[in-house]
Each structure stands twice: as C-alpha cells, then as structure tokens.
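One line per chain: the protein sequences are A and B, in this order.
If you read the first sequence in this note's numbering, its first letter stands for residue 130, the second for the next number, and so on.
If you read the second sequence in this note's numbering, its first letter stands for residue 27, the second for the next number, and so on.
See structure below.
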Amino acid sequence: MNKVIRNLWICLALAFLYAPILILAFYSFTSATMIGTVREFSLENYKTLFTTPELMDMILGTLLLAIGVALLSTILGTVGAIGSFYSHKRVRGAIEMSNQIPVVNADVVTGFSVCILMIVIFHIRKDTFIPLVIGQTALCVPFVYLSVIPRLKKMDQSLYDAAMDLGCTQGKAILRVTIPQIVPGITSGFMTAITLSLDDYFIATYTKPATFDTISTYVVNATKGSQTSIKTALWALSTIIFVVVVLFVIGMNRIGAKKEVEK
Amino acid sequence: MKYTFHRKQLAIPYAIFLLLFVILPLLVVIFYAFTNEEGHVSFHNFVAFFQSGKTVGTLLYSIVIALVTTAICLLIAYPTAYILSKTGMKSGDALLLLFVLPMWINFTLRITALKEILTLLEGNLAFHPFANTIICMVYDFLPFMIMPLYNTLTKLDDSYVEAAQDLGAKKSHVFLKVILPLSVPGIVSGVTMVFLPSMTNYVVLDMVYNSTFIMGSLIGSYFSAYDWHNGSVISIILLLIICVITAISNRYTENDKADRRVGALK
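Structure, rendered in structure tokens:
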C-alpha cells in the first residue's frame, strides 16, 4: 500500500512537470490553433518554424550568442580559477566573494545594473552587442569558476611540481599538467554557461539591441497577442528543444556509463 | 628587467572583469539610488518608496507570492526527494534526472505550454491571476527545490534513523526528530533557490496576464521609463533582502559543518 502511494506521488509529480510539454508536443503535429480542439495531422508548424526568416534568425542568434558567451565565460572563468587557486588567501577570498554576487543576485538586478553601467555611464550602444555579451558573461563566469575550483582542489598537486622540477616553465606546466586534470570541471562549466545563456530573459531584455531577439524575449513578446501561426510554430520549437535535451541527456548517460565500465 | 610569468597572475583578468562588471555596476546602482535627478545626495527615493501605498503594496505582494510559491514547492519537493532517495542509488539518480531535465528547456517555452493547458482548463486566465501565477512559478522552480533536497537526503546517515527505530521511536517521531532536522541544510538551500527568483520573475506574471506588480516588474517599468534612480532603489531593496537570505542560509550551512565536526569527535 505504502509503495503504491509512493509510486503514485512520483507519477503525479512527473505528470505535472511533463504533461504540458508533451500535450503541446502532440498538438504541434496538428493543424489546431488551440489545444483541446481536434484537427488532422499536419507538419505546417514545423514548416513555418524553418521557413520564417524572423524565427530562424531568432533561433540562430540565440544559439550563437549562447556559444559565444559560454566560450568567453569558460576561458575567463577557468583562467581566473587557476590564478585565484594559486593566489594569496586574501586575493582568493576577495575574488570568491565577488564571484558569489551574480550567483545569489536576482537576474533582474544584474541585468539592470549592467545596463546602467554600460549604457548610461559608458555610453556603449546596445546594437554593438557588447552590453548583451558582457552582461550574460557576468552571469555565467561565476558558475564556470565554481565548477572548476573543486577540480583544482582535488587534483594531484605534486604533478605540477614534478613538471617544474623536470624543467618545465610555469606556463607550459599549467597547459600540459594542470588543465588536463580539470577538464571535467571546464566542460561542466561550459555546459552550465550555455544553459544559463539560453534560459536568460532578464539580462537580455535590458541589454539587447532593439532589433535582436533571443528565444526568451521573442516568446514573451509573441504571447502578448500575435499571429497564431507564429504561436503554434513556437510549439514546434518547444518540441524540438525537448527532444534535443532528452537525446543529449541520454547521450551523456551513455558516455558516463561507458567510462564507469572502462574503470 | 625581464618579465617572468607567475601562475597567480592568471587571476588578474578575472579580477579586473569582476571589478568592472560585477562590483562597479553595484556601486553605480548605489550611487543612483541615493541621488536625485540633479545629482545631489538624497534619501528622497527611499522615503518615496516606503510612503507610497503602491510600491509598499508591490513589495508585500511579491513577498506573499514568494512565500506561497516556496511553501508549495517545498510541500511537493520534499516527499518527492524523500521517495527518490529511498529508491536506491542507480534508479534514484535516473529518476532525479527526469525531475531536473525540464530545467534545460527554455522557461518561457515551458510557461507557454503550461499556459495553454491552464487556458484549456479555465477558459480565461484572467479569472484566477494569483492562482495561475503560483501554479506557473511552482512549475518553473520545482526542479530547483528537488535537487538540493535530494542531495541532502541521499547523504543522510541511515544509522541515525536505525538508532532511533531501535530505541523504539514511532515512525512519525523518527521523521520529525531525526530525518527532518538532518535535512535542514537541503531545505534552506532549496528555499534560497526558489524564494528570490519567485519575488522577481515578472515574466511569469506577464505571461499569465496577472496585472499586479511584483518587485521585478517595478524595475522593468522604471527601466522602460528611463527612471534609473527609482529602478536603483528597487535593486538596493532586493539586494538587502538577498543579503538577509544569504546570511541566514550561511548560518545553517555553517551549523551543519560544525555539527558534523562535533559528530566526528563523539
């Protein structure tokens, strides 16, 4: 009996999380303009999604922005983490404290404050994309830093000293000895940065160029009463993203399982 | 003199970045909050915030939204995380993945999906703006509550539970006196991850046609009006709330560490 209740609870919680996405996915393959109405099978939404320039620009723009911001954040965060790890306690403490600010801060406040600084104080124009990239990077780097630091703590410190004793320069030792040991931290930091950038709405609205839209800002505007063909094309987008995320998670698990077997 | 590279110099670019784009923006916000249009130091913005019924009402409304969202998330997430932690390592981790997977789908698209379902059920979203907002917030933030709770509950030392059972504690007592206190760090970090975003995420309100304001929407409206001073005041008030939450949550995690140390000595 107890077990039945437990399973039921888990199923209900999962249903709450997945029902909306799955129902929307089902209707994205029909010609219905509202869910709940019975219509015939149609791929029209997918056709609209891939043939409307506005939609394609928005999707590609979001992806490019996410990749750019994630790359920048990963480099800055990894190098920063290595440097701070070997720095004096006080320097490290100061960096760690400032690093914590964007993590705990509300995204609205981060976006708003970066916007004031860049646009009102520095007079950098939004259509240069600089405020947007810097704003999102400021949000993402701390998470890269936080995922690299534990790896640095766990790695074998003596390997670096051994490399130095054998005549390696400091720069080379970092590149050849330190970095290879912290790769898992770097990749997970990169992935976090990608997700944060893709999911970000607040920093983007405050700092993006007027003519540019990310998925988040586009969807929010589209829900405020626009064409139904766009609205239902977004159902198709949501379905595609869902499938990509599921495939990605399965793929990562396969790789993880393989590694465990190898060990 | 020849330049020699030292590995700690690698911290310099990031330190400069943090100074320029994390610390400096906050200083600018503080400056704007405490000055008026002529650039003179003034507390007027703050006085005005606390004197206006509209802004104080917004503050209270966002606290209510955040409290209700956090409480419901906790009520759903705790049993879920508890059941998951009891299903055993492998399947528990796989199930957890199912619960956190929605986090990787853009939240505006997820809210759109939920909105369609709610519209189908209710006919018109405008009838229950508060309830719909809460449902959407819970939907959005639930994974963030489940994750820390699951992490704490799986690390929970079963020998405490067994000891309590052996000493004849009733099931409800084991839970209230042993499991619940030991899971406080997870509860605290889950609450901090849900409370603040639900106070500020005004997109959810926007999307479900809730015309009431929360703190985030105030920043949004001041931003559209180019009113940097009042926008900064809201930011400062939010920052103060964040400081309080962080201080409380730090105390709990420190307690947790201290307890473990004492536990090791015993």
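We put the beta carbon where it would ideally sit given N, CA and C, even for glycine.
Burial state of residue i (16 or more Cβ within 10 Å)
{"i": "valine 348/A", "result": "buried"}
{"i": "leucine 53/B", "result": "exposed"}
{"i": "glutamine 299/A", "result": "buried"}
{"i": "isoleucine 161/B", "result": "buried"}
{"i": "methionine 163/A", "result": "exposed"}
{"i": "valine 288/B", "result": "Caution applies to valine 288/B, whose pLDDT of 38 falls short of 50 and renders its modelled position unreliable; the value that the coordinates give is listed next. With fewer than 16 other Cβ atoms within 10 Å, it is exposed."}
{"i": "valine 259/B", "result": "buried"}
{"i": "glutamate 63/B", "result": "exposed"}
{"i": "methionine 233/B", "result": "buried"}
{"i": "isoleucine 230/A", "result": "buried"}
{"i": "glutamine 265/A", "result": "buried"}
{"i": "glycine 246/B", "result": "buried"}
{"i": "phenylalanine 43/B", "result": "buried"}
Beta-carbon neighbours of residue i, restricted to chain A and to distances below 8 Å
{"i": "threonine 67/B", "result": "For clarity, residue 67/B is valine in the given sequence; the question names threonine instead. The contacting residues do not exist; valine 67/B stays about 18 Å from chain A at best."}
{"i": "glycine 242/B", "result": "Ala235, Val237 and Phe331"}
Chain-ordered neighbours of residue i on chain B, where CB pairs are closer than 8 Å
{"i": "phenylalanine 371/A", "result": "Ile131"}
{"i": "glutamine 310/A", "result": "By Cβ distance, chain B contributes nothing, its closest Cβ being about 14 Å from glutamine 310/A, past 8 Å."}
{"i": "glutamine 299/A", "result": "Phe31, His32 and Arg33"}
{"i": "valine 348/A", "result": "Asn132, Thr134, Leu135 and Thr138"}
Below-8 Å beta-carbon distance, residue i vs any chain A residue
{"i": "glutamate 64/B", "result": "no"}
{"i": "glutamate 142/B", "result": "yes"}
{"i": "leucine 265/B", "result": "yes"}
{"i": "phenylalanine 47/B", "result": "yes"}
{"i": "phenylalanine 249/B", "result": "yes"}
{"i": "aspartate 232/B", "result": "yes"}
{"i": "leucine 206/B", "result": "no"}
{"i": "serine 209/B", "result": "no"}
{"i": "alanine 293/B", "result": "No information on residue 293/B is available, as it lies outside the stretch 27 to 292 that chain B covers here."}
{"i": "isoleucine 102/B", "result": "yes"}
Integer-rounded CB distance, given that residue j should sit under 8 Å from residue i
{"i": "valine 312/A", "j": "threonine 203/A", "result": "That belief does not hold up - the Cβ atoms of valine 312/A and threonine 203/A are roughly 11 Å apart, past 8 Å."}
{"i": "isoleucine 91/B", "j": "serine 224/B", "result": "6 Å"}
{"i": "serine 367/A", "j": "threonine 138/B", "result": "7 Å"}
{"i": "phenylalanine 47/B", "j": "valine 198/A", "result": "The pair is not a contact, with the Cβ atoms about 13 Å apart (cut-off 8 Å)."}
{"i": "glycine 212/B", "j": "threonine 178/B", "result": "3 Å"}
{"i": "asparagine 227/B", "j": "asparagine 158/B", "result": "The pair is not a contact, with the Cβ atoms about 14 Å apart (cut-off 8 Å)."}
{"i": "leucine 246/A", "j": "threonine 336/A", "result": "With a Cβ gap of about 10 Å, leucine 246/A and threonine 336/A do not count as contacting."}
Neighbouring residues, chain A, relative to residue i (Cβ below 7 Å)
{"i": "glycine 114/B", "result": "The premise fails here: glycine 114/B is roughly 13 Å from chain A at the closest Cβ pair, so nothing lies under 7 Å."}
{"i": "glycine 118/B", "result": "None at all; the shortest Cβ gap to chain A is about 11 Å."}
Residue i: contacting residues in chain B (beta-carbon distance under 7 Å)
{"i": "leucine 205/A", "result": "Pro39, Tyr40 and Phe43"}
{"i": "isoleucine 263/A", "result": "Phe47"}
{"i": "tyrosine 215/A", "result": "Arg33 and Lys34"}
{"i": "alanine 267/A", "result": "Phe47 and Val48"}
{"i": "valine 167/A", "result": "Residues of chain B passing the Cβ test: none, with the nearest at roughly 13 Å."}
Residue-level contact to chain B via CB, residue i, 8 Å cutoff
{"i": "leucine 363/A", "result": "yes"}
{"i": "lysine 131/A", "result": "Lysine is not the amino acid found at residue 131/A; the sequence shown has asparagine there. Chain B contact via Cβ: absent."}
{"i": "leucine 143/A", "result": "yes"}
{"i": "serine 317/A", "result": "no"}
{"i": "threonine 321/A", "result": "no"}
{"i": "tyrosine 175/A", "result": "no"}
Residues that residue i contacts on chain A, provided the C-beta gap is smaller than 9 Å
{"i": "proline 223/B", "result": "Ala235 and Asp236"}
{"i": "phenylalanine 156/B", "result": "The premise fails here: phenylalanine 156/B is roughly 19 Å from chain A at the closest Cβ pair, so nothing lies under 9 Å."}
{"i": "isoleucine 160/B", "result": "What isoleucine 160/B touches in chain A: nothing, since even the nearest Cβ is about 13 Å away."}
Proximal residues of chain B, C-beta to C-beta of residue i below 9 Å
{"i": "asparagine 228/A", "result": "Tyr40, Leu44 and Val48"}
Contact with chain D by residue i, beta-carbon distance below 8 Å
{"i": "arginine 277/B", "result": "Absent from the structure: chain D. Protein chains present are A and B."}
Please go through the stretch 179-233 of chain B and give each complete alpha helix (DSSP H) segment of 4 or more residues, from N-terminal end onward. List check, alpha helix (DSSP H) in window: 184-192, 210-226 and 228-233.
With a floor of 4 residues, list each alpha helix (DSSP H) that falls wholly inside the stretch 252-287 of chain A, ordered by position along the chain. Correct list: 259-283.
Let me know the alpha helix (DSSP H) ranges lying completely inside the stretch 35-120 of chain B, each 4 residues or longer, listed in chain order. Within the stretch 35-120 of chain B, the complete alpha helix (DSSP H) runs of at least 4 residues are 37-44, 50-59, 70-77 and 79-112.
Going residue by residue through the stretch 332-365 of chain A, where are the continuous alpha helix (DSSP H) segments of at least 4 residues, counting only ones entirely within it? The qualifying runs are 344-352.
Considering only residues of the stretch 114-177 of chain B, which uninterrupted alpha helix (DSSP H) runs meet the minimum length of 4 residues and lie entirely inside it, listed in chain order? Within the stretch 114-177 of chain B, complete alpha helix (DSSP H) segments of at least 4 residues are found at 115-126 and 133-148, given in chain order.
Could you give the uninterrupted runs of the alpha helix (DSSP H) lying entirely in the stretch 134-220 of chain A, keeping only those of 4 residues or more? List check, alpha helix (DSSP H) in window: 173-180 and 182-214.
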